Every structure is written in structure tokens, then in C-alpha cells.
Amino acid sequence: MIAGSRSINYLRISVTDRCNFRCRYCVPAAPFSVMPHHEIARYEEILKITRLACDMGITKVRITGGEPFVRKDIFSFIEQLCAIDTLSDISITTNGALLTRDKIQTLIDLGIKRLNFSLDTLDPDRFAAITGRDRFKKVWDAIMTAHALGITPVKINTVVLRGINDDEIVTIAGLTRKFPFHIRFIEYMPMGDLHVEKQQPQMLTSEIRRRIEAGIGPLTPLTHKAGDGPAKKFQLADAPGVVGFITPISSHFCSECNRLRLTSRGFLRPCLLNDYEKDILTPLRKGATDAQLKEIIQAALKHKPLFHTLGKNRLKDIPVSHMTSIGG
Ligand code: SAM
Ligand code: SF4
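Under this note's numbering, the first residue of the sequence shown carries the number 2, and numbering increases by one thereafter.
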């Protein structure tokens, strides 16, 4: 699939807008309700859209949420996804809290090789304050178990928030000296109405990187390979792991963006940071043909913006959607 000069081969599927956590940078500050079940795409509907998208050039899929593992029968869905033979890569982003050893082993048996965990702090009390849940140990155990069972690489996403966890940047980066993890520091994206203030002044990558280098030593850049994704990768001396930076605000990577998103409500979303969405679930439920559904996918891609403006017009162009509903 082509969007302007970009070739789109990566679909991010949000399987649910529900989550067992309440991360303050992700869920709305105001009381909010989740979508009624009948408005959420059923697994067979997601699989149908995914197969059509694969016919059109999608080869990589990431499952996300909300929290994917709160959705019933998720393992059976993953099994069916893994059976699509044109998909060369299936990965999952999770908060990890529900991933026991057995479940991680099942994922491996199904063919999942890569997992991304979200972890913003190594302090259990702070973890509870950020996520609203006292689950640090469960998440840490899931990360260590994934590592022990051979998931490679184990990726860890850390959203850096000034005054909340920025004093842990060096310690978290230092984990790459001990473990072959890929730790990715993500610039906070202001979206909708969140529990965190609009984070002025925001922690941008230049500052995060400076602090790591001052605290623990130089970061050597690694060569960026095709298909590497948006993280700019570095390594500390003698570290088996990798430090990555994801810079949606300070240096957007829109010209290289190869992604299309499918939200839990069955809308195609060409850009995370732009609220344009195209409903594909309703036409599917009304009996649209495969050709018509493919036209809808193509039409959605025509709306993939050349770049987002979140860094430039802060507070003006903030998407109204929340990450829990889109999938990050
Ligand atoms: N529940 C899963 C998890 O936490 O990994 C998957 C969904 S979550 C929306 C996907 C990713 O989005 C997580 O790594 C999370 O840290 C990130 N995220 C959520 N809100 C964000 C924000 N406002 N700015 C930057 N990243 C955010
Ligand atoms: Fe849930 Fe993930 Fe959002 Fe946290 S970041 S509230 S775990 S969806």
C-alpha cells in the first residue's frame, strides 16, 4: 500500500479500549466510559480486515490496546493471526501485569518472538502512583520471565515525565548494561484531557540523552536499518542492551512512517496524532464486498498527513482521542 511516497506495511491493531491500569499520561482525567461491547470490532471482523490489508501489502502487525490481555479469548485471536501466512512479524505491546509464565510460554508457542512492555519507573510506590495500580512486581516478573524464556528482544517503553520519573532516567538506561533489553524513552504526547498537566517544559530527547550521558557514559549511535521503526538507537559501552529514543515531539518521523492503525471501534486511523478516522466496521457489518473494503482502506490512506503539528502548535493541535482508544 502506498501513501504519497510512503510504503505502508505495518498495521497496529487495538483490540480493546479497556485497561486494567489508569496511567496518568494515557487515560482521561474526566470520568470516561468505554465503548459498549457491540461497538467493538469482533475478532473475526478484525481478522477479515487484517487479511484484506495483508493482500494490499501489510506484512507486520502489532497488537495493542487498551491492554490487549484484558480481552477475553485473546490467545485464540493471536493464534488465528499467526496463521495468516503473509504476516512475517507479529508483536504485542502490553503493560505485562496479566502475563504469567504460562501465558508467555503460550505466546512463544504460538510464534510470538517479540514483546514490548511499558514500564516508567523501578520504584513500586511510584509505579502505583503513575499507573493507579500496585502491580510493579507482577510487571517486573513478567519482563524477567519473557527474558528468561527467550523473547528477543524484550523492549521496554518508558514515557518520561518531568517531575514524575525523570530522576530515574539514568538508572533505567543502566538496565541495558545488565540485560539485553531495548529500553525506549518516549517523549510524552499531550492527547485529549489527561491526568498529567500539559508538561511545560516537556522532557525532550535532547535533555534525556544529555542526562544519561552525564550520569552513566557516552551513547554510541547504532546504524538505523530499514524496518527498525521510529526509535533512534544507541548503546552504552559494554552494554548488551540498546537505548532508544522515540521523538514524536522534538523530531517527528512522519516521512518514514509505514503505519496504519485499526482502532478497537473498527476505524482506520492513518496517523496517531491526527484525529481523522475512517469507519470500516460499519460497511463490513452491512455486507460490503472485499473490493469495497479494500477501497475504504485505500481511501483512508489518502488522508495520511505528510506530518503532524503537535510539536509546533502545542495545545492547539492536541488530538481529542486518548491513547487507550487508539492503541499508542
Ligand atoms: N496497555 C499497553 C501498554 O501500556 O503497553 C498497550 C497500549 S498503550 C496505549 C501503548 C503505549 O503508548 C505504551 O507504551 C504507553 O506508554 C504509550 N503511551 C500512552 N500514552 C502516551 C502519551 N500520552 N505519550 C506517549 N506515550 C504514551
Ligand atoms: Fe493502560 Fe497502557 Fe494506557 Fe497504561 S499506557 S492506561 S497500561 S493502555
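For every residue, glycine included, the Cβ atom is placed at its ideal position computed from N, Cα and C.
Here the structure is a predicted model, which is why all the values come from computation and not from measurement.
heavy atom of the ligand SF4 below 7 Å from residue i C-beta
i	result
V161	no
N166	no
G67	yes
T411	Given a span of 2 to 329 for the chain in the structure shown, any question on residue 411 remains unanswerable.
Whole-number beta carbon distance between residue j and residue i, since they are thought to touch under 8 Å
i	j	result
K114	S89	With 8 Å as the limit, K114 and S89 do not qualify as a contact, their Cβ atoms being about 11 Å apart.
I298	M57	6 Å
N117	N166	Going by Cβ atoms, the distance from N117 to N166 rounds to 18 Å, so no, they are not a contact pair.
P249	L285	The pair is not a contact, with the Cβ atoms about 30 Å apart (cut-off 8 Å).
A300	K279	7 Å
N10	E68	That pair is no contact at about 26 Å.
I144	G112	Not confirmed; about 20 Å, so no contact.
Contact test: residue i Cβ vs the ligand SAM heavy atom, cutoff 7 Å
i	result
S252	no
S119	yes
Y26	yes
I187	yes
Outcome for residue i when other beta-carbon atoms lying within 10 angstroms are tallied against a minimum of 16
i	result
L316	Because L316 carries a pLDDT of 45, less than 50, the predicted location of this residue cannot be relied on, and no value is offered for it.
P181	exposed
H183	buried
T221	exposed
F33	exposed
T65	buried
R102	exposed
D121	buried
I14	buried
P37	exposed
T177	buried
D110	exposed
T283	exposed
Identity of the residue in the options nearest residue i by Cα
i	options	result
E189	L12, G151, F33, I247	Glu is not the amino acid found at residue 189; the sequence shown has Tyr there. With distances taken between Cα atoms, Y189 lies closest to I247.
V28	I131, N117, R43, L116	I131
S77	G97, I47, G242	I47
I170	I91, A54, G216	G216
K234	S256, S251, R210, C255	R210
L237	I173, L294, V71, S8	I173
S119	I93, T87, I9	I93
Chain C contact for residue i (CB, 8 Å cutoff)
i	result
Y26	In the displayed structure, chain C is absent; only one protein chain is listed.
Counting pairs of Cβ atoms below 8 Å between the segment 121-131 and the segment 75-87, do you hit three or more? Taking a contact to require three or more Cβ pairs closer than 8 Å, the segment 121-131 and the segment 75-87 do not qualify as touching.
May I ask you to verify whether the segment 264-272 touches the segment 238-246, counting CB pairs closer than 8 Å and requiring at least 3? Contact fails: fewer than three Cβ-Cβ distances are below 8 Å.
Per the contact definition of three or more C-beta pairs closer than 8 Å, is the segment 138-147 in contact with the segment 89-98? Because the criterion of three Cβ pairs below 8 Å is met, the segment 89-98 and the segment 138-147 touch.
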